[in-house]
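My numbering puts the last residue of the sequence shown at 421; the count rises by one with no breaks.
We put the beta carbon where it would ideally sit given N, CA and C, even for glycine.
Keep in mind that this is a model prediction, so the values were computed, not measured.
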Amino acid sequence: MQYIAPTPAPVVRSGIGPWALASIVVGVGVGPVMGGAAFALCAVQVRRARRHPGVAPDVVATDAFLADQDLEDTTPLRVTWLGDSLAAGIGADSVEETPAMVVARMLDRPVDLRILAVSGAKAKDVVEAQLPRLEPADLVVISVGANDVASASSRHRYARRLDAILAATAPAPTVVMSMPDITMADRIGQPVRWLAGRRARYFDAARRRVTNRHPHAISADVATMPVDLSRDAGRELLCADRFHPGPQVYRIWADRITAAARQLMEQVDVAPA
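Okay, here's the thing in C-alpha cells:
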C-alpha cells in the first residue's frame with residue numbers, strides 16, 4: 149500500500165499529569181477512607197512513573213492518503229479518528245505502526261485518513277475541540293475515556309459527552325474503543341494501579357451502554373489480551389514509557405477495530421463507488 153504525503157505530525161504530550169492519578173482514589177469512592185495518605189501515595193507513584201523513559205512525541209498518526217496502485221482509481225474510504233493518545237498512536241515505533249495506519253491497510257480500500265485525536269484529550273476536549281473540525285466520513289474510530297478516568301470527571305459527565313460525540317458522528321459507522329486495561333501498565337504502582345483499573349471498568353460500563361444506544365456505533369474490545377498471552381508477556385509489549393501500548397498491542401487492537409468496522413460498514417452498505 150502506498151503511503152502518500154502525510155501532513156506534519158502534531159506535537160503532543162505523553163502520559164498523565166502529576167496530580168491526575170490522585171483523583172482516581174476519590175473517583176472509586178475510597179478517598180474519604182484513605183484520605184491524605186492515599187493522595188500522597190498517588191503523588192509518589194506519579195513521580196516514580198515520570199522517571200521512566202518517554203516515547204518520541206512526533207511518532208503519532210497523521211492525515212494521509214493510502215492506496216494500493218491497483219486500487220488508486222477506486223473512491224477512497226474517508227476515515228476519521230477522534231480522541232486521545234491511543235487513537236493518535238502514542239507508543240508506536242513509527243507512524244506506519246500507529247493503529248490508524250494499520251487499520252487503514254487492513255481495510256483493503258484506498259483510505260483518506262484524517263486524525264483529529266490528540267494525546268491527553270478527554271471527552272470534553274473531543275466535544276469542544278475535535279467535533280467542530282469533523283468532516284463527513286465513511287468511518288469514524290473513537291478512543292476516549294482513559295483521561296476522564298484519570299481526572300476529576302464524573303462518569304455521568306463522561307457518558308453525557310460521549311453521547312454527544314456519537315450523535316455528532318451519526319450516521320457514519322462509528323467504532324468506539326473500550327477502555328484499555330489500565331492494570332497492565334506497570335508504570336503505575338500498586339495499589340493505585342488496582343484503583344485505576346476499578347475506576348476504568350466503572351467508566352467502561354457507561355461507555356458500553358451509551359454506545360449500544362446508537363445504531364450506527366459498535367464497541368471494539370481493546371482491554372482483553374489474547375488467551376494465549378499471559379499478563380506478564382502482555383506487559384512486555386508496552387512501549388518505553390511502561391504505560392502506553394507498543395506496536396504489537398496496536399496490531400492486536402487494529403484486528404478488532406477492523407473487524408468491527410467491516411461489520412458496521414456491511415450493515416450500512418459502505419462500498420466503493
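Do the region 375-388 and the region 315-332 touch if we need at least three Cβ pairs shorter than 8 Å?
yes
Name the two residues that bound the continuous alpha helix (DSSP H) containing R226.
In the sequence shown, residue 226 corresponds to position 78, counting from 1. Looking at the DSSP string, R226 is not in any alpha helix (DSSP H); the run it does join, the beta strand (DSSP E), is L225 to G231.
Could you give the C-beta distance for L234 and S291, rounded to a whole number, given that I count them as a contact under 8 Å?
Sequence index remark: in the sequence shown, residue 234 carries index 86 (1-based). Sequence index remark: in the sequence shown, residue 291 carries index 143 (1-based). Yes, L234 and S291 are in contact; Cβ-Cβ is about 4 Å, under 8 Å.
Our contact map puts A252 next to V243 with C-beta atoms below 8 Å; I'd like the distance itself, whole angstroms only.
To locate residue 252, count along the sequence shown from 1; it is residue 104. To locate residue 243, count along the sequence shown from 1; it is residue 95. At roughly 11 Å, the Cβ-Cβ gap does not stay under 8 Å, so A252 and V243 are not in contact.
Hey, out of E276, V370 and D256, whose CA is closest to A265's CA?
On the sequence shown, residue 265 is found 117 positions in, with the first residue counted as 1. It is E276.
Check A339 in the structure and name its three-state DSSP category.
To locate residue 339, count along the sequence shown from 1; it is residue 191. As written in the sequence, residue 339 is Pro, which differs from the Ala given in the question. Coil, per DSSP.
Under the three-state DSSP convention, the category M325 falls into
Indexing the sequence shown from 1 puts residue 325 at position 177. DSSP places M325 in strand when its eight states are reduced to three.
Sequence-distant residues of the same chain with beta carbon closer than 7 Å to K272, five excluded per side:
If you number the sequence shown from 1, residue 272 lands on position 124. Excluding positions up to five away in sequence, the list reads R309.
Which residues in the same chain as R262 place their Cβ atom closer than 8 Å to its Cβ, once the five residues preceding and following it in sequence are excluded?
As a first step, residue 262 is located in the sequence shown; it is residue number 114 there, counting from the start. So the qualifying residues of the chain are D211, R226, V227, T228, W229, E283 and A285.
Within its chain, find whatever has a CB closer than 6 Å to the CB of V324; leave out the 5 residues flanking it on each side and keep chain order.
Reading the sequence shown from its first residue, position 176 is the one you call residue 324. Closer than 6 Å at the Cβ level, and outside the excluded window around V324, lie I290, T359, A365 and S367.
May I have the straight-line CA-CA distance separating D311 from A294, to the nearest angstrom?
Indexing the sequence shown from 1 puts residue 311 at position 163. Indexing the sequence shown from 1 puts residue 294 at position 146. So the alpha carbons of these two residues sit roughly 16 Å apart.
With distances taken from CA atoms, which of F213, R356 and D389 is nearest G335?
The residue you call residue 335 lines up with position 187 of the sequence shown. The residue you asked about is not Gly; residue 335 is Arg in the sequence shown. Ranking F213, R356 and D389 by Cα distance to R335 puts D389 first.
Taking the Cβ atom as the reference point for each residue, do V250 and A402 lie within a distance shorter than 8 Å?
For the purposes of this step, residue 250 is identified with residue 102 of the sequence shown, where counting begins at 1. For the purposes of this step, residue 402 is identified with residue 254 of the sequence shown, where counting begins at 1. Contact flag set, yes.
When burial is assigned at 16 or more other CB atoms within 10 Å of the CB, is D256 buried or exposed?
As a working mapping, residue 256 is identified with position 108 in the sequence shown. Flag for D256 reads exposed.
Here's the rule I'm using: 16 or more other beta-carbon atoms within 10 Å means buried, otherwise exposed. How should T222 be labelled?
Taking the first residue of the sequence shown as position 1, residue 222 is located at position 74. The residue is exposed, with fewer than 16 neighbouring Cβ atoms inside 10 Å.
Quick check on A271: does DSSP put it in helix, strand or coil?
As a first step, residue 271 must be located in the sequence shown, where it is residue number 123. Helix.
Do G231 and Y398 have their C-beta atoms closer together than 8 Å?
Working through the sequence shown from its first residue, we reach residue 231 at position 83. Working through the sequence shown from its first residue, we reach residue 398 at position 250. No, the pair does not count as a contact, with Cβ atoms beyond the cut-off.
Which residue marks the beginning of the beta strand (DSSP E) containing L287, and which one marks its end?
Translated into positions along the sequence shown, residue 287 becomes position 139. Start and end: L287 to S291.
Go through the region 331-395 residue by residue and report every complete run of the beta strand (DSSP E) that reaches 3 residues or more, in order.
365-368
I think K270 touches S302, with their Cβ atoms under 8 Å apart; what is that distance to the nearest whole Å?
Counting from 1 along the sequence shown, the entry for residue 270 is found at position 122. Counting from 1 along the sequence shown, the entry for residue 302 is found at position 154. About 12 Å; that fails the 8 Å criterion.
Using beta-carbon positions only, say whether A215 and A248 come within less than 8 Å of one another.
Your numbering for residue 215 matches position 67 in the sequence shown. Your numbering for residue 248 matches position 100 in the sequence shown. For A215 and A248, no; Cβs fall outside 8 Å.
Whole angstroms are fine: how far does the CA of H304 sit from the CA of P395?
Looking up residue 395 in the sequence shown gives position 247. Looking up residue 304 in the sequence shown gives position 156. Going by the C-alpha atoms only, they are around 33 Å apart.
Can you tell me the Cα-Cα spacing of L343 and C387, whole angstroms?
Taking the sequence shown and counting its residues from 1, the one referred to as residue 343 is at position 195. Taking the sequence shown and counting its residues from 1, the one referred to as residue 387 is at position 239. The alpha-carbon atoms of L343 and C387 are separated by roughly 22 Å.
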